[in-house]
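Enquirer: No gaps in the numbering here: position 155 of the sequence shown is 159 in our numbering, and each next residue is one more. Where is the CB? At the ideal position from N, CA and C, for every residue including glycine.
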Amino acid sequence: MSNRKKQHALVLGGSIAGLLTACVLSNHFERVTIIEKDPLNTKNAPRKGVPQGHQLHIVLARGLHILERYLPGLTAELAAGGAIVSDDLALDFRWFSDGGYRPQVPTGLKSVMVSRPFLEETIRRRVADLPNVQINAGTKVAGLDSTPDGTRITGVKFAGGSEQKQKVDLVIDATGRGSKSSAWLAELGYTAPEVETVGVKIRYASRLFRRPKSFRTLIVTSGQPPHQARQGAVQPLEDDRLVVTLHGRGDDVPPADEAGFNAHARALLTQDIAETMAGLEPLSNITVYNLPKTRWHHYEKLSRFPAGYLVLGDAICALNPVYGQGMTSAAMQAEALDKLLSKRSLSNNFWKPYFKQMAKVVSTPWQMTVSEDFLFPQTEGTPPKIPGFIANYMGKLAQTINRDPVVFTAFFNVMHLMKPPITLFHPRIVWRVLFLKGKPSAQMSGYEANQQPAKAIQN
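1. Spell out the partners DSSP gives residue 252 in its beta bridges.
2. Relative to the C-alpha of residue 418, which residue among 111, 37 and 96 is closest?
3. Closer than 7 Å by C-beta to residue 162: which residues in its own chain qualify, once you throw out the five before and the five after it? Chain order, please.
4. Does the stretch 407-422 touch the stretch 375-389, meaning 3 or more C-beta pairs lie closer than 8 Å?
5. Considering only the beta carbon of each residue, do residue 298 and residue 202 sit closer than 9 Å?
6. So is residue 43 buried or exposed if we call it buried at 16+ other beta carbons inside 10 Å?
7. Between the alpha carbons of residue 265 and residue 215, how many angstroms are there, rounded?
8. What distance in whole Å lies between the Cβ atoms of residue 421 and residue 275, which are believed to be in contact at a cut-off of 8 Å?
9. If you run the structure through DSSP and keep just helix, strand and coil, what is residue 257?
10. Return the CA-CA distance between residue 74 and residue 439, expressed in angstroms with no decimal places.
11. Should the stretch 147-159 be called in touch with the stretch 101-117, which here means at least 3 C-beta pairs below 8 Å?
12. Quick one: residues in its chain with C-beta nearer than 8 Å to the C-beta of residue 352, no 5 flanking neighbours on either side, listed in chain order?
13. On a CA-only basis, which of 284, 356, 250 and 405 is nearest residue 272? Give me that one, please.
14. Rounding to the nearest angstrom, what Cα-Cα distance links residue 54 and residue 302 in this structure?
15. Any idea if residue 268 is buried or exposed, counting beta-carbon neighbours within 10 angstroms, 16 or more meaning buried?
16. Can you check DSSP and say which residues form a bridge with residue 302?
17. Using a 10 Å radius around the Cβ and a threshold of 16 neighbouring Cβ atoms, would you call residue 288 buried or exposed?
18. Please classify residue 137: is it buried, with 16 or more other beta-carbons within 10 angstroms of its beta-carbon, or exposed?
19. Between which residues of its own chain and residue 3 is the CB-CB distance below 6 Å, once the five residues before and five after are set aside?
20. I'd like the list of long-range same chain contacts for residue 92, defined as Cβ closer than 8 Å, with 5 residues on each side in sequence excluded.
21. Does the distance from the CB of residue 309 to the CB of residue 359 come in under 9 Å?
22. Residues bridged to residue 240 by DSSP?
23. Given a cut-off of 9 Å on the beta-carbon distance, is the pair residue 86 and residue 212 in contact?
24. Quick one: give me the first and last residue of the beta strand (DSSP E) that residue 404 is part of.
25. For a test of the three-state rule: what should DSSP assign to residue 17, helix, strand or coil?
26. Can you list, in chain order, the residues of its chain whose CB lies under 7 Å from that of residue 335, leaving out five sequence neighbours each side?
27. Between residue 237 and residue 257, which are expected to be in contact by the criterion C-beta below 8 Å, what is the C-beta distance as a whole number of angstroms?
28. As a quick exercise: from 174, 29, 375 and 191, pick the residue whose alpha carbon is nearest that of residue 389.
29. How big is the Cα-Cα spacing for residue 226 and residue 64?
30. How is the beta strand (DSSP E) around residue 117 delimited, first residue to last?
31. Give every residue of the same chain whose Cβ lies closer than 7 Å to the Cβ of residue 96, excluding the five residues on either side of it in the sequence, and list them in chain order.
32. Going by DSSP, which residues form a beta bridge with residue 311?
Here it is as structure tokens:
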């Protein structure tokens, strides 16, 4: 059932999750307003509300597919602006992991290498061009407005005491990791959702360099759990730039000074990144971003929730950005919202199937990333319970990926969220993992460490 007769939807947050949500809602509502607390500019500079904007971002194949579906021609527009479009990312990807290099074989998975600010600004421009979408920037929301009994959200309260005057049919919180939904709902007498928290203790350090025009390769040197947490990547960007991002965990993190940054790069498991940086012209200072925890707010477990209000993106589930699945997860959530609005009316209980569906969407990237995080001893929290035979199989899988293109292709599709993880347990893949001859490695001993008790963490 269409919601076209509904008049007005508000989206809180003008980042990629909020922009794509507004794009989806424009097909179901007469008016959509995006409320963004940061002033917006067109200089492709990171916004204050996106402190990680300086760091490397990648659009996975699934995310690019969804973006292109809702914003046709976006990839071509990004390419026209200088972004590096890879028609088959695996062929443009030099990736060292699990003791060797991943195969560079055709997978058919397309991606685009672009800075976060340029990607966001391009999407924003396309969404702003929609006739029924308006963006109000530099506007801060202080709380929610509701019916007298608090059972339905009717608008928002702005900082300074003013209130949304026009009737609102739906408010969606897409404000990201800094979401205040739990506090706002508590003010109306609602119970806060259970929060699943993992202490990842990640620190990023990034620097921009002048990119040689012929350089179009994504370079990644992964760490080696449980002992080597240092990782790094090089990504080509628009405007003849490339970004080098280094990261570590716990106390072993990249410094913000040039000497320490370069030393961290040299201490990686390959010299690929250090050698790429050598001789290049720096275009920026070194910027750092700290991420102590990842969180999943389990709204799907609540028994009571106001009508006319939903939460989406990092405001529901903030993943570890090391794995590059955050933007794609948000796109998948927006796509799921679109499908629900096409099938169901916006009833008082719409939130129940909505949050149930969101939990299904975020469960896969959450479980994938958390399982990897707990291979490192710096991670705090409750590790997922992985049966011994599964952990053993995953260790063998990791040893096989680098030497078997078929297994690698299956793994790459799962990593890009194009296929579910169960794909890796298909009989054809299991046979290759268990019986393919080749020299084994002991690189996945972290899976055994994953079975050990971890330190508790406070939310």
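Expert: Based on what the coordinates show:
1. 207
2. 111
3. 143, 144, 145 and 146
4. no
5. yes
6. exposed
7. 19 Å
8. Not confirmed; about 31 Å, so no contact.
9. coil
10. 43 Å
11. no
12. 155, 156 and 311
13. 250
14. Below a pLDDT of 50, predicted positions are generally treated as unreliable, and residue 54, at 49, falls in that range; no measurement from the model is reported.
15. buried
16. 198
17. exposed
18. buried
19. It is not possible to answer for residue 3, since the shown part of the chain is limited to 5 through 463.
20. 110, 111, 112, 113 and 114
21. yes
22. 246
23. no
24. No beta strand (DSSP E) contains residue 404, which is instead part of the alpha helix (DSSP H) from 392-405.
25. coil
26. 24, 67, 70 and 71
27. Wrong, their Cβ atoms sit about 15 Å apart, outside the cutoff.
28. 375
29. 18 Å
30. 115-117
31. 90, 220, 221 and 222
32. 156
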